[in-house]
Amino acid sequence: MAATDRRRLRVAILGGGAAGTLAAVHLLREPAAAPLEITLVDRAGSFGPGVAYATASPLHLLNVPAGRMGGISGQPDHFLRWLRGRGEEDEAGSFLSRGTYGAYLADLLDAAEAAAGGARLLRRRGEAVAVRRTPDAPSPLAVELGAGERLAADHVVLALGPLPGAPPFPVPPDLPPGAYVADPWAEGALAPPRRGESVLIVGSGLTMVDVALALAAAPAPPSIRAISRHGLLPRDHGPGLTRLDCFRAPPGAAGLDSLIAVFFAEMTRAAAIGGDWRDVVDSMRPAVPALWRRLGVADRRRFLSTLHRLWDVHRFRMAPAVAARVEELRREGQLEVGAGTVRSLARRGDRVEVVIEAGDGDETVALLIDRVINCSGAGTDVSGGAPPLLAALLADGLAAADPLGLGLEVDPDGAALDPSGRPSAPIHVVGALRLGVEWEAIGVTEIRDHAAAVARRIAAAGTGGAGPG
Numbered sequence: 001m002a003a004t005d006r007r008r009l010r011v012a013i014l015g016g017g018a019a020g021t022l023a024a025v026h027l028l029r030e031p032a033a034a035p036l037e038i039t040l041v042d043r044a045g046s047f048g049p050g051v052a053y054a055t056a057s058p059l060h061l062l063n064v065p066a067g068r069m070g071g072i073s074g075q076p077d078h079f080l081r082w083l084r085g086r087g088e089e090d091e092a093g094s095f096l097s098r099g100t101y102g103a104y105l106a107d108l109l110d111a112a113e114a115a116a117g118g119a120r121l122l123r124r125r126g127e128a129v130a131v132r133r134t135p136d137a138p139s140p141l142a143v144e145l146g147a148g149e150r151l152a153a154d155h156v157v158l159a160l161g162p163l164p165g166a167p168p169f170p171v172p173p174d175l176p177p178g179a180y181v182a183d184p185w186a187e188g189a190l191a192p193p194r195r196g197e198s199v200l201i202v203g204s205g206l207t208m209v210d211v212a213l214a215l216a217a218a219p220a221p222p223s224i225r226a227i228s229r230h231g232l233l234p235r236d237h238g239p240g241l242t243r244l245d246c247f248r249a250p251p252g253a254a255g256l257d258s259l260i261a262v263f264f265a266e267m268t269r270a271a272a273i274g275g276d277w278r279d280v281v282d283s284m285r286p287a288v289p290a291l292w293r294r295l296g297v298a299d300r301r302r303f304l305s306t307l308h309r310l311w312d313v314h315r316f317r318m319a320p321a322v323a324a325r326v327e328e329l330r331r332e333g334q335l336e337v338g339a340g341t342v343r344s345l346a347r348r349g350d351r352v353e354v355v356i357e358a359g360d361g362d363e364t365v366a367l368l369i370d371r372v373i374n375c376s377g378a379g380t381d382v383s384g385g386a387p388p389l390l391a392a393l394l395a396d397g398l399a400a401a402d403p404l405g406l407g408l409e410v411d412p413d414g415a416a417l418d419p420s421g422r423p424s425a426p427i428h429v430v431g432a433l434r435l436g437v438e439w440e441a442i443g444v445t446e447i448r449d450h451a452a453a454v455a456r457r458i459a460a461a462g463t464g465g466a467g468p469g
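Using the numbering used here, you'd call the opening residue of the sequence shown number 1 and step up by one each time.
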């Protein structure tokens, strides 16, 4: 066996979607102290697009302008340059299809692999169910796959993406087949609607918008009602890019009340140059992780209980064309959006009786619906009902849950922390599982920087415990 094989630093990246792909890309691009062997593990064997960018529908657009969607840290225009290299003359403010972005991620991975030199990339279909310490082995960790196989690893990167969300109401087991859709992105979950069908979508965020647009474009579009606790729709993007250069955050410690005051002061500054709240939200985004870390647990909890949804509808916005189509559907009566909470589902022949408590809680209504689709959002709490991998990490003391149920405890460099607050093993976190410590953790802007920082840390580690290949 060659000497370079014996000295390879083994890195297992768990998750082959955007987060895992960008972690692999940055590792392949990073000069390393030892040759790398990177194994990218994905349950579906889909490397690059993941769930978020696998859609082929031209109706599903990015929610961020193309000029900000570059996958390489420090190069926000990289996606735009890739497009122009293919002869597409899109503007920085364009909102392109998510499928196009998925193709970009796949191409980015292929290009990084081709240019990697001594690094080796292996793509592995499988589901990681545990990470174990292996103190007597050449590599300190082993990733257990569902089929009983093991991967030796000197470093593990958790790039799992958003967790599946639990239904916010009890789901009876005897509902008619296809009458309840737990995950609209699961393969084959969103069957074409039948003529005259009625659909209730639970949730009113961007996932609801995607599902409603797809259903409304069908040959026999159904009547669609969407409800959420607040009944708020995502706001729309304005034309162009942000006019504010940066968010003027106060120095030192800052509580929630002072940050709210600064936000409104920034609104005044934006208005003075012809901008609006969109400019403030966008300029604030890079500062959010540091600002979030300054908040104590009590302030974070207060934000989650009083401002979370209001922030989300302004932060996670619709592309202008999407917003216009949603407004058209509402105007035509094909889409109705309101406030309410589902209290129960029950089978009534081939349909579902849904009992809904009105937004103010003063009355309930019972509706007969053909199909109920859960679009209430991703899960964040790893301590209950988490995938087997996360449950095993918590049980073995290799990771700790965020106290507010927002992913894992992670240090500023992306290392997973044990229950005592110390990095317990060479386990790194990219993406959504960092929500509790950074709040901004699920967009490409944040993920590419997570990936770059973790790649630098791993590449600088040298062979460490790496042994024979």
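Virtual Cβ for every residue (Gly too), placed ideally from N, Cα, C.
Because the structure is a prediction, the values reported are computed rather than measured.
Query, Result
"Tell me whether the beta-carbon of R29 lies closer than 9 Å to the beta-carbon of A112.", "yes"
"Just reading off the alpha helix (DSSP H) that L83 is part of, what are its end residues?", "78-85"
"Just to confirm, is the Cβ distance from R225 to V199 under 9 Å?", "yes"
"For E357, which residues does DSSP report across the bridge?", "T341, T364"
"Smallest Cα separation from P58: which of L109, G85, L259, T100?", "T100"
"Out of A339, A287, I13, H237, state which residue places its alpha-carbon closest to the alpha-carbon of A249.", "A287"
"Going along the chain, which residues of its own chain have a beta-carbon closer than 7 Å to the beta-carbon of R325, five neighbours each way excluded?", "L213"
"Checking 9 Å against the spacing of the C-beta atoms, do R98 and D396 come in under that value?", "no"
"Would you please state the rounded distance, in angstroms, between the beta carbons of G93 and P65? I believe it to be under 8 Å.", "5 Å"
"Are the beta-carbon atoms of A319 and H237 separated by less than 9 Å?", "yes"
"By the three-class DSSP mapping on this structure, what secondary structure does I227 have?", "strand"
"Taking 9 Å as the CB-CB limit, is A339 close to chain B?", "The structure shown contains no chain B; it is built from a single protein chain."
"Determine, using beta carbons only, whether L105 and L160 come nearer to each other than 9 Å.", "no"
"Give the range of the alpha helix (DSSP H) segment to which H314 is assigned.", "308-315"
"Below 9 Å between beta carbons: does that hold for A103 and I38?", "no"
"In whole angstroms, what separates the C-alpha of G117 from that of D107?", "17 Å"
"For G446 versus P289, is the C-beta distance shorter than 9 Å?", "Note that residue 446 is Glu in the sequence shown, not Gly. Yes."
"Where do the N-terminal and C-terminal ends of the alpha helix (DSSP H) with L22 fall, by residue?", "18-29"
"Report the three-state DSSP secondary structure of A287 (helix, strand or coil).", "helix"
"Counting only the same chain and skipping the five closest in sequence on each side, list residues whose C-beta sits under 6 Å from that of A323.", "D236"
"Ends of the beta strand (DSSP E) at E144?", "141-145"
"Just the Cα atoms here: how many angstroms apart are L40 and G146?", "15 Å"
"May I have the straight-line CA-CA distance separating L329 from E197, to the nearest angstrom?", "16 Å"
"Per DSSP, what kind of secondary structure is A153 in: helix, strand or coil?", "strand"
"Since I believe A378 is in contact with L398 (beta carbons under 8 Å), could you give me their beta-carbon distance rounded to a whole number of angstroms?", "Contact flag wrong, Cβ pair sits at about 23 Å."
"Could you tell me the distance, in whole angstroms, from the CA atom of A415 to the CA atom of A392?", "17 Å"
"Name the residue from V156, V129, G405, T268 whose alpha carbon lies nearest to the alpha carbon of E144.", "V129"
"Which residues does DSSP pair with V430 in a beta bridge?", "Its beta-bridge partners do not exist; DSSP assigns none."
"Who are the Cβ neighbours of P184 in its own chain at under 6 Å, not counting the five residues just before and after it?", "L190, V211, I373"
"Check whether the segment 436-452 touches the segment 65-74, taking contact to mean three or more Cβ pairs, one atom from each stretch, closer than 8 Å.", "yes"
"Kindly indicate which residue of I227, A216, A12 has the alpha-carbon position closest to the one of L141.", "A12"
"Could you give the DSSP three-state label for R293: helix, strand or coil?", "helix"
"Give me the residue from P219, L206, L404 with the minimum Cα distance to L295.", "L404"
"For T207, count neighbouring C-beta atoms within 10 Å of its own C-beta (all shown protein chains included) and say buried if the count is 16 or more, exposed if not.", "buried"
"Residues in its own chain within less than 6 Å of R347 by CB, not counting five upstream and five downstream?", "D174, L175"
"Starting from the Cα of S258, find the closest Cα among P239, A271, P222, F303 and give me that residue.", "F303"
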